[in-house]
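The next block holds one structure in the form of structure tokens; read it before the comments.
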Amino acid sequence: MTTVSSMKRNPNWSKEDDDRLIAIYASGNIFEQLRNFPGRSRGSCMRRAYRLKITHVDHWTEEQDNLLREAYSKGIRLKMMAQKMPTRSLPAIKARCQRLGLVGQFKGKSGSDFSWIRESMLDILKQGNVLTIAKLALRVGCSESGIKHQIKVLRGKQIHVGDWEHTGQRQVPCFKYGKDKDMPRPSPRSNAENCLRYRTKNRIKAKKYDPFAALLGNIQVPVAEKGRVYKQDMTIHLYDELEEA
């Protein structure tokens with residue numbers, strides 16, 4: 024009978040395992056492939072690679088350092104630089120920037136300053152749409168902060184507030200294409216209007232009010248007479264006369 028204590032926690036490395044580990048280190052994407060190595064942890068794989076003497080230190084080149092300096096001076100985000108350096112992870116890039124003295128407050132532009140957001144938003148508004156920031160973000164496929172950043176740049180030049188929409192709590196602007204004056208914010212609703220909307224909403228929930236009746240000319244539903252209603256079966260069967268006979 025095999026017990027848990029008799030089982031080997033770290034089985035010996037076979038020649039197939041060593042060959043696979045050598046191939047992983049030769050490919051370059053080491054850490055991502057070590058996670059999928061069956062039966063071996065990341066630490067054991069690294070220790071085995073050290074014993075096999077297949078580890079190597081990937082030194083930073085002068086060209087890569089210049090790319091980091093240029094990115095820092097232009098305000099390019101480090102995530103964008105990580106895409107241009109597939110052999111470098113984001114923590115490694117950050118550590119290298121610290122060694123090069125590229126530290127301090129980020130002076131670049133936010134990720135919402137992409138030109139594709141501006142082009143897509145203008146194309147949607149040129150079609151005659153008058154949309155809020157939330158609806159524009161859904162149509163464009165970006166975050167609301169990206170839309171807000173573009174509105175700060177384009178407002179008064181290519182877009183303006185063409186309407187206002189009440190979201191239930193406050194009035195939000197709806198933006199329209201064109202260089203016109205912004206529509207002023209409407210006055211807040213009075214307590215009487217809010218109470219009327221509240222009562223109407225409750226009547227609709229209780230099915231005591233048809234909101235579409237006004238669209239149909241205030242058609243009044245006919246009221247049936249009070250009393251009992253008798254239902255008679257009018258179906259004529261083939262053998263009814265024979266049964267009566």
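Counting in this note's numbering, the sequence shown runs from 24 upward without gaps.
All residues carry an ideal CB built from backbone N, CA and C; glycine is no exception.
### Spatially closest choice to K180 from K97, D205 and E188, by CA coordinates
D205
### Query
CA-CA distance, S210 and H189?
11 angstroms
### Continuous alpha helix (DSSP H) stretch holding H172: start and end
E167 to L177
### Length at least 4, wholly inside the segment 148-223: the alpha helix (DSSP H) runs in chain order
156-163 and 167-177
### Query
Exposed or buried, which one is Q192 when buried takes at least 16 other CB atoms within 10 Å?
exposed
### Query
Is it the case that the Cβ atoms of I182 and L154 are separated by a distance below 8 angstroms?
no
### Query
Pairing CB atoms from the segment 83-92 with CB atoms from the segment 117-128, are three or more of them under 8 angstroms?
yes
### Query
Taking the C-alpha atoms as reference points, what is the distance between Q173 and T223?
Those two C-alpha atoms are separated by around 39 angstroms.
#### Entry: Rounded straight-line distance, which links the Cα of N217 to that of I140
37 angstroms
### Query
How should V176 be labelled, buried or exposed, when 16 other C-beta atoms within 10 angstroms of its C-beta is the threshold for buried?
V176 comes out exposed.
### Spatial neighbours of R208 in its chain, beta-carbon cut-off 7 angstroms, leaving aside the 5 residues before and after
W187 and Q194
### Query
Considering only residues of the same chain and omitting the five flanking positions on each side of I170, which have a CB-CB separation below 6 angstroms?
I156, L159 and A160
### Task
Check K76 in the structure and name its three-state DSSP category.
coil
### Task
Write down the C-beta distance between L44 and R65 rounded to the nearest angstrom, noting that I regard them as a contact closer than 8 angstroms.
L44 to R65, Cβ: 12 angstroms. No contact.
### Query
From Q121 to Y200, what distance separates their C-alpha atoms?
45 angstroms
### Message
Please tell me whether M108 and Q87 are closer than 8 angstroms, where the distance is taken between their beta carbons.
### Response
yes
### Message
Between which residues of its own chain and I77 is the CB-CB distance below 7 angstroms, once the five residues before and five after are set aside?
### Response
I45 and Y48
### Three-state class that DSSP yields for P109 in the structure shown
coil
#### Entry: Residues near G185 by beta carbon distance below 7 angstroms, same chain, minus five either side
Correct list, in chain order: V153, C197, F198, K199 and M206.
### Query
Among the residues of its own chain, which have a CB less than 6 angstroms from the CB of S143, if the five just before and after it don't count?
V163
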